[in-house]
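So the number in my numbering is just where the residue sits in the sequence shown, counting from 1, plus 5.
Idealized CB from N, CA, C, for every residue including glycine.
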Amino acid sequence: LERLDPLPTVELNLVAQQNVTLQFNAPFAAVFDLLRRLEALPGTLWIRALRLNLGNETNQTLQGELTLTIFVDRTD
């Protein structure tokens, strides 16, 4: 991970949305593993945006940015 930026929380009646932007530089296999692990987490989250660019051709890494929304139950 190169950067982790929390964005403002969106408060709704029963849920809140916490948005986070991640910037990373990694080989394709590591990016794929990150996405697989995010999808396997308990709870509800959305991958709102995913941008990938070829970072370095010699070691075949990707530069990426991921915007993630995590939903939080506010009924408690």
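Per DSSP, what kind of secondary structure is residue i in: helix, strand or coil?
i   : result
R41 : helix
What span of residues does the beta strand (DSSP E) with residue i cover, start to end?
i   : result
N24 : V20 to P32
L6  : That residue, L6, is in no beta strand (DSSP E); it is neither H nor E in DSSP.
E70 : T66 to D78
G60 : L50 to N61
Does the beta-carbon distance from residue i to residue j come in below 8 Å?
i   : j   : result
G69 : L50 : no
L46 : L71 : no
Please report the straight-line C-alpha distance between residue i and residue j, rounded to a whole angstrom.
i   : j   : result
P11 : I52 : 14 Å
L67 : L27 : 13 Å
L35 : L6  : In the sequence as presented, Leu is not what sits at residue 35; that position holds Ala. Cα to Cα, the separation comes out at about 11 Å.
L40 : L9  : 16 Å
Let me make sure I understand the geometry here. Which of the options has the alpha-carbon closest to that of residue i?
i   : options         : result
I75 : E7, E16 and P32 : E16
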